[in-house]
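At position 122 of the sequence shown (counting the first as 1) the number is 175 in my numbering, and the numbers step up by one without a gap.
For glycine and all other residues, C-beta sits at the position ideal for the given N, C-alpha and C.
The structure presented is a predicted model; accordingly, all values stated were derived computationally and were not measured.
To start, the structure under review is shown below, and the notes come after it.
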Amino acid sequence: MGVTAGREASRRALPGPRGLRPETRWAYLFLLPWLVGLLVFQLGPMVASLVLSFTDYDLIDSPRFAGLGNYAAMLEDPKVARAVGNTVIYTALHVPLAIAIALALALILNRVTGRAAGVFRTVFYLPSMTPYVATGVLFLFLLNGQAGVVNQFLGLFGIDGPQWTTDPNWILPGIVLMSLWNLGTTTIILVAALRNVPRELSEAAMIDGAGSWQRFRAVTLPMISSALFFVVIINTITSLQMFDQVYTMFFGNQSAQQSYGDSALFYVVYLFQQAFQFLHMGYASALAWLLFLVIGVITLIQVKVGNRLVYYEAEEQGA
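Shown next, in the form of structure tokens:
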């Protein structure tokens with residue numbers, strides 16, 4: 054009797070052809086707002102922009118089919134080349150510097166213990182919570198060539214600071230300097246990775262006579278390589294989409310823009326101008342899809358290369 058009752062209970066617990074488990078239905082119900090948002094606000098606009106990228110559309114008249122005209126126009130547009138160049142240079146400068154500085158900060162924070170550890174982690178993360186527009190306005194004053202704090206600090210050492218916001222040769226370095234303000238997320242991720250490095254491995258290397266640099270290179274770096282791989286990808290994607298701070302600093306005042314030309318023209322800034330300033334929505338959609346494909350290709354290359362360099366503990370244990 055008890056065996057029969059147990060079988061009946063197990064049949065009722067398993068999902069049958071008539072429907073799903075109650076908990077599964079509740080799970081789908083709670084996921085429904087996110088699924089609606091995904092379809093309406095992400096996948097839907099992506100499909101629409103793909104269609105618009107093959108049209109000539111100005112938000113006023115009906116879209117007119119243009120074939121590959123928008124993509125061909127990008128090859129002849131000198132501003133696209135300049136925007137791509139600025140974005141690539143910025144990414145090449147920002148990503149290594151950001152990760153190197155964040156790793157140095159993480160190594161320092163990893164040595165802090167007790168209640169102070171939480172306090173310092175919070176302090177280092179606070180800049181990440183600052184709105185990008187506010188950051189742009191702040192650094193517009195900090196990098197001012199005449200009265201900026203950065204040049205005043207350099208003046209203490211007898212260095213005549215450059216015109217960060219007006220000299221075309223120093224605009225990109227100034228933007229890179231500004232971007233290093235927001236390292237909180239990368240730093241906290243690396244701190245968490247360092248906390249998970251087994252202490253016994255470092256102690257064993259120390260017993261074998263390895264110095265601090267040898268332990269860092271042979272033990273710490275391999276053990277945090279997966280976290281480093283992650284932050285490299287995330288920082289690369291973020292850098293290629295740089296927009297808020299640059300637009301706030303250099304494109305809010307159109308008259309001031311004449312002094313430095315296209316030195317601060319980033320790819321997403323140019324995309325925004327084409328879409329909402331010139332109302333070339335079809336051309337802007339083509340620019341957006343080109344950026345999407347470029348980011349996808351770069352990420353794929355990073356994943357292929359990273360899989361050869363990154364140490365995964367689970368794979369090592371499985372082997």
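Item to check | Pair within 8 Å by beta-carbon distance, Arg-417 and Asp-315 | outcome: With the chain running from 54 to 372 in the structure shown, residue 417 is simply not present.
Checklist entry - Per DSSP, what kind of secondary structure is Thr-77 in: helix, strand or coil? => result Looking at Thr-77 - three-state DSSP - the assignment turns out to be helix.
Next on the checklist: As a quick exercise: from Leu-230, Thr-273, Arg-268, Ala-126, pick the residue whose alpha carbon is nearest that of Asn-249.
Outcome noted: Comparing Cα positions, the closest option is Thr-273.
Item to check | Same chain, Cβ closer than 7 Å to Arg-117, neighbours up to 5 away in sequence not counted | outcome: Correct list, in chain order: Thr-108, Asp-109.
Checklist entry - With 16 other CB atoms within 10 Å as the buried threshold, where does Pro-68 fall? => result Only weak support exists for where Pro-68 lies, its pLDDT of 49 falling under 50; the value from the coordinates is given anyway. Exposed.
Checklist entry - Start and end of the alpha helix (DSSP H) containing Asp-315? => result For Asp-315, there is no enclosing alpha helix (DSSP H), since its DSSP letter is neither H nor E.
Checklist entry - Would you call the segment 341-351 and the segment 320-331 touching, i.e. three or more CB-CB distances under 8 Å? => result Under the three-pair Cβ rule at 8 Å, the segment 341-351 counts as touching the segment 320-331.
Next on the checklist: Restricting to Cα atoms, I'd like to know which of Tyr-364, Gln-355, Phe-345 is closest to Ser-102.
Outcome noted: For Ser-102, the closest C-alpha among the options Tyr-364, Gln-355, Phe-345 is that of Phe-345.
Next on the checklist: One question on the structure: do Leu-47 and Phe-177 come within less than 8 Å of each other, judged by their Cβ atoms?
Outcome noted: This structure cannot settle anything about residue 47, because the visible part of the chain is limited to 54 through 372.
Checklist entry - Less than 8 Å separating the beta-carbons of Trp-234 and Thr-188? => result For Trp-234 and Thr-188, yes; Cβs fall inside 8 Å.
Next on the checklist: Would Ile-348 and Leu-281 qualify as a contact pair, given that the criterion is a beta-carbon distance under 8 Å?
Outcome noted: Leu-281 sits away from Ile-348, with the two beta carbons spaced by 8 Å or more.
Item to check | Ser-115 burial status per 10 Å Cβ neighbour count (16 or more: buried) | outcome: By the 10 Å Cβ count, Ser-115 comes out exposed.
Checklist entry - Which residue from Val-356, Leu-353, Tyr-323 puts its Cα closest to that of Gly-138? => result It is Tyr-323 whose Cα lies nearest to the Cα of Gly-138.
Checklist entry - How big is the Cα-Cα spacing for Thr-144 and Val-202? => result If you draw a straight line from the Cα of Thr-144 to the Cα of Val-202, it comes to about 25 Å.
Next on the checklist: Here's the rule I'm using: 16 or more other beta-carbon atoms within 10 Å means buried, otherwise exposed. How should Leu-362 be labelled?
Outcome noted: By the neighbour-count criterion, in which a residue is buried when 16 or more other Cβ atoms sit within 10 angstroms of its Cβ, Leu-362 is exposed.
Next on the checklist: Considering only the alpha carbon of each residue, which of Val-186, Val-148, Ala-155 lies closest to Ile-242?
Outcome noted: Answer by Cα proximity: Ala-155.
Checklist entry - Can you pull the DSSP bridge partners for Thr-218? => result When beta bridges are read from the DSSP output, Thr-218 appears opposite no residue.
Item to check | Beta-bridge partners of Thr-175, as assigned by DSSP | outcome: Under the DSSP definition of a beta bridge, Thr-175 lacks any partner.
Checklist entry - By Cβ distance, which residues of its chain are closer than 6 Å to Pro-215, with the 5 residues on each side in sequence left out? => result Counting only Cβ-Cβ distances below 6 Å, and skipping sequence neighbours, we find Trp-223.
Item to check | Helix, strand or coil at Gln-117 [DSSP, three-state] | outcome: At residue 117 the sequence reads Arg, which differs from the Gln that was named. Reduced to three states, the DSSP call for Arg-117 is strand.
Item to check | Helix, strand or coil at Thr-239 according to DSSP, with G and I counted as helix | outcome: Three-state result, Thr-239: helix.
Checklist entry - What did DSSP end up calling Leu-67 once you bin it into helix, strand or coil? => result Low confidence applies here, because Leu-67 scores a pLDDT of 46, under 50, leaving its location unreliable; read the following figure in that light. In the three-state DSSP reduction, Leu-67 falls in the coil class, being neither helix nor strand.
Checklist entry - From Val-165, Tyr-124, Gln-95, Met-231, pick the residue whose C-alpha is nearest to that of Asn-197; which is it? => result Nearest of Val-165, Tyr-124, Gln-95, Met-231 to Asn-197, Cα basis: Met-231.
Checklist entry - Under a three-way DSSP split, which group does Met-54 fall into? => result Interpretation of Met-54 is limited by its pLDDT of 49, a score under 50 that renders its predicted location unreliable; no figure is taken from the coordinates.
Item to check | Exposure label - Leu-353; buried when at least 16 CB within 10 Å | outcome: Looking at its Cβ environment, which holds fewer than 16 other Cβ atoms inside 10 Å, Leu-353 is exposed.
Item to check | Spatially closest choice to Pro-221 from Ala-200, Ile-113, Leu-318, by CA coordinates | outcome: For Pro-221, the closest alpha carbon among the candidates Ala-200, Ile-113, Leu-318 is that of Leu-318.
Checklist entry - Are the beta-carbon atoms belonging to Met-302 and Thr-218 less than 8 Å from one another? => result Yes.
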